[in-house]
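Data first, discussion second: the structure below is written as structure tokens.
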């Protein structure tokens with residue numbers, strides 16, 4: 001096992017650099033609509049231009065809704081060791097809503113909870129640690 005090598009579970013949506021982790025989406029240059037995951041063309045029916053550019057999404061958000069998953073996910077997203085987890089829908093700046101694991105005690109979860117982007121190791125193997133984006137409570141967020 002070599003956990004010094006970090007590999008996003010999906011390269012196209014998670015970027016790791018010296019500044020930390022960033023979600024990658026796309027934005028329409030013409031109407032400003034944000035998308036996650038990235039798209040090839042603007043889907044806004046009111047937009048005539050449809051020109052898409054890569055966009056780095058903000059990491060702060062608000063939990064919109066959540067559920068507790070008590071089943072093992074498929075191999076690509078296998079958690080090791082296995083335990084139940086929360087998955088939530090998070091509203092990020094710019095009007096984009098993102099799904100992700102919410103790492104917090106289940107009894108602390110509530111719609112409106114301020115969260116921020118983080119990463120978590122899904123599993124660790126011979127080719128390095130596979131990581132994914134997660135959201136954690138943001139104690140520094142304004143109330």
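Residue numbers (my numbering): 1 to 143. Here a beta-carbon is modelled for each residue, glycine too, at the ideal position from N, C-alpha and C.
Assigned exposure category for residue i - 16 Cβ within 10 Å defines buried
{"i": "residue 131", "result": "buried"}
{"i": "residue 157", "result": "Here the chain comprises residues numbered 1 to 143, so residue 157 is not present and cannot be evaluated."}
{"i": "residue 2", "result": "With a pLDDT of only 48 at residue 2, under the threshold of 50, the placement of this residue in the model should not be trusted; the figure read from the coordinates follows. Exposed: under 16 other Cβ atoms inside 10 Å."}
{"i": "residue 108", "result": "exposed"}
{"i": "residue 141", "result": "exposed"}
{"i": "residue 5", "result": "exposed"}
{"i": "residue 19", "result": "exposed"}
{"i": "residue 53", "result": "exposed"}
{"i": "residue 104", "result": "buried"}
{"i": "residue 65", "result": "exposed"}
{"i": "residue 106", "result": "exposed"}
{"i": "residue 55", "result": "buried"}
{"i": "residue 68", "result": "exposed"}
Simplified DSSP assignment, three categories, for residue i
{"i": "residue 124", "result": "strand"}
{"i": "residue 45", "result": "coil"}
{"i": "residue 36", "result": "coil"}
{"i": "residue 5", "result": "coil"}
{"i": "residue 74", "result": "coil"}
{"i": "residue 51", "result": "coil"}
{"i": "residue 129", "result": "strand"}
{"i": "residue 10", "result": "coil"}
Run of the beta strand (DSSP E) containing residue i, from where it starts to where it stops
{"i": "residue 67", "result": "60-69"}
{"i": "residue 26", "result": "20-28"}
{"i": "residue 16", "result": "14-17"}
Closer than 7 Å to chain C by CB, residue i
{"i": "residue 90", "result": "Here chain C cannot be found, since the structure has a single protein chain."}
Exercise. Does the region 44-59 touch the region 22-35, meaning 3 or more C-beta pairs lie closer than 8 Å?
Worked result: yes
Item to complete: Starting from the N-terminal side, write out each stretch of the beta strand (DSSP E) that is 3 residues or longer and does not extend beyond the region 78-123.
Response: 85-92, 97-102
### Query
Does the region 48-55 come within contact of the region 9-21, defined as at least 3 CB pairs closer than 8 Å?
no
Exercise for the section: Take every Cβ of the region 24-39, pair it with every Cβ of the region 115-122, and state whether three or more of those distances are shorter than 8 Å. Expected result: no
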